[in-house]
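In case it helps, UniProt numbering puts the sequence shown at residues 1 to 469.
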Amino acid sequence: MFVPVIMAGGSGTRLWPLSRGNYPKQFIPLCGDHSMLQQTLLRLNGLDHKPALVICNDDNRFLAAEQLRQLAKPSQVMLEPVGRNTAPAIALAALEAVAHYGEDTVLLVLAADHVIKNTDAFHKVIAAGEQLALQGKLVTFGIVPTHAETGYGYIRRGETVNSDHAYQVQAFVEKPDAATAQAYLESGQYYWNSGMFMFKAGRYLAELAVHRPDILAACQAAMAVKTTDLDFIRVGKAEFTACPDDSIDYAVMEKTADAVVLPLDAGWNDVGGFSALWDVASKNTEGNVLKGDVLVHQASNLYAHTEDKLVAVVGVSDLVVVNTKDAVLVAHKDKTQDVKKIVDQLKQANRSEVTFHREVYRPWGKYDSVDNGQRFQVKRITVKPGAKLSVQMHHHRAEHWIVVSGTACVTIDGKEQLVTENQSVYIPVTAVHALENPGKVPLELIEVQSGSYLGEDDIVRFEDRYGRS
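Given below as structure tokens:
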């Protein structure tokens, strides 16, 4: 049995405005009814494995926990206080696995944002990888290339290892130009670097001790002071922040003598941008991928996605059109890698759209910022059954809550009351208050805020069941 280690800390900037800092692509159902994280875990069904360890950042912890809960699959979530690339993240997972199961435990390291269409082929290669890992090899999975791709790194294979299907890793190669990529394809000696790995936890740590002892020492120090918080494993923030930033490729795989590559031909795609999303999606006879309320006329090879309004597209081809509640993207399908340039501009301008959707998920539910103006803001709030917002107070705003459906248990300055459909309640400035859904169905309410400052940082928490106070 192996331990799946799911790396879920990416930001997915090339899929903006769908993917954002607080709701990145691995948590979005881009290719089906389940999110990409959920698809990654469901893809393991039929394989004999221990509970998965999902690694993500602190901001996305409740999103990850909720999506795992929906699958009802035993798993843990480990939180990175800061991003330090793949070598340290995998070291944390390896140390955790050794503590629970021993040094010979095999880890299967997967990214949470990949598409793999042929699950049977994937399972066969994973089974072969596990056997090689048990022999002490550090296995990477090389994607059999289908075209001369310049957006991926490559792996050059060497001599065969133990079978006709595994090869020594001769070299990891950076992203090539078009002519070099074509030469790689024609040689048959190169694979796309998938970023998926399999090895014994103890073997990985031993190689890290040889090649990057500074990374290992920092991760050991961070794990020595780890704590558990609800569903989460928290490592030492100061200790992990001091860890060097490096990828597993540079830190270990390029240096070890035991790196092995297994070819994987299973319909893999890393969905790195909208053109890749168009590639893997089902299309109509005109080559269009249409999501939501989209009408087209004399248009072809489109990726069109809308969340909340009708989008009409006429007389164009090879475009990406994405409408969310607060942003619209129009791009040529061949230029979608440059969407990250727009994200850079948003960051430089400190625009909230780079991080937040209009609809924001919280551990207790979600809220949608419906309208705002000078000294007012309107939100639609959804509270899950049994969930409770923190006991809190605001210095600069008052709030009106109007219940649309369900029943709210509202506490204001120690006085508790039930508020039902079509009833409302007023919370004055500086009043200590809390909102809870005691019912069995979601609580829907409209919140109207008024005051001199309406920022999310005007919250003083006194008590919070989700560890945020």
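C-beta atoms are modelled at their ideal positions from N, C-alpha and C, and glycine is treated no differently.
Following the DSSP letters along the chain, one finds V98 in no beta strand (DSSP E) but inside the alpha helix (DSSP H) bounded by residues T86 to Y101. In this structure, I155 and Y190 form a Cβ contact; the two beta carbons are roughly 7 Å apart against a cut-off of 8 Å. For P263, the enclosing beta strand (DSSP E) begins and ends at A259 to L264.
With contacts defined as CB atoms closer than 9 Å, W192 and W268 qualify as a contacting pair. Residue pairing for K291: DSSP places it in a beta bridge opposite H305.
Within the same chain, V419, T420, E421, N422, Q423, S424, L443, E444 and L445 come within 8 Å of V403 by CB-CB distance, once the 5 residues on both sides are set aside.
Annotation: the stretch 233-262 contains the following complete segments of the alpha helix (DSSP H) (minimum length 4 residues), in chain order: 237-241. Looking at the DSSP output, N323 sits in a beta bridge with T306 and V328. The DSSP-derived three-state label of W278 is helix. Contact between T150 and P176 holds: their C-beta atoms lie close to 6 Å from each other, under 8 Å. Non-local beta-carbon contacts of A181 in its own chain, meaning distances under 7 Å to residues more than five positions away in sequence, involve A148, E149 and T150 in chain order. Residue pairing by DSSP puts W401 in a beta bridge opposite V425 and E447.
Between T140 and M253 a beta carbon distance of about 6 Å is seen, short of the 8 Å cut, so the two are scored as contacting.
Closest in alpha carbon position to P74, among K237, A387, A64 and P81, is A64. Note on geometry: alpha-carbon atoms of V429 and G451 lie some 8 Å from one another. Membership of A65 in the alpha helix (DSSP H) is indicated by the continuous run R61 to L71.
Under the 10 Å beta carbon count, E80 is surrounded by 16 or more other beta carbons and is classified as buried. With 16 or more other Cβ atoms inside 10 Å of its own Cβ, A91 counts as buried. If the five residues before and after R43 are omitted, its C-beta is found closer than 7 Å to the C-beta atoms of I116, T119 and F122, all from its own chain and listed in chain order. When secondary structure is reduced to three states using DSSP, A206 falls in the helix class. Residue pairing for K175: DSSP places it in no beta bridge. Under the criterion of beta carbons closer than 8 Å, L134 and V106 qualify as touching, at roughly 7 Å. With contacts defined by Cβ atoms closer than 9 Å, A434 and Q392 form a contacting pair.
In this structure, DSSP gives P4 an extended state, which the three-state scheme calls strand. Annotation for K117: no alpha helix (DSSP H) segment contains it, and DSSP assigns it neither H nor E. Shortest Cα-Cα distance from G102 to any of V109, F2, F62 and A111 involves F2. Within the stretch 352-377, the runs of beta strand (DSSP E) that reach at least 3 residues and sit entirely inside it are, in chain order, 359-362 and 365-373.
According to DSSP, residue pairing for E80 in a beta bridge involves N57. Excluding sequence positions up to five before and after N372, its CB lies within less than 8 Å of the CB of V378 and L454, all in the same chain and listed in chain order.
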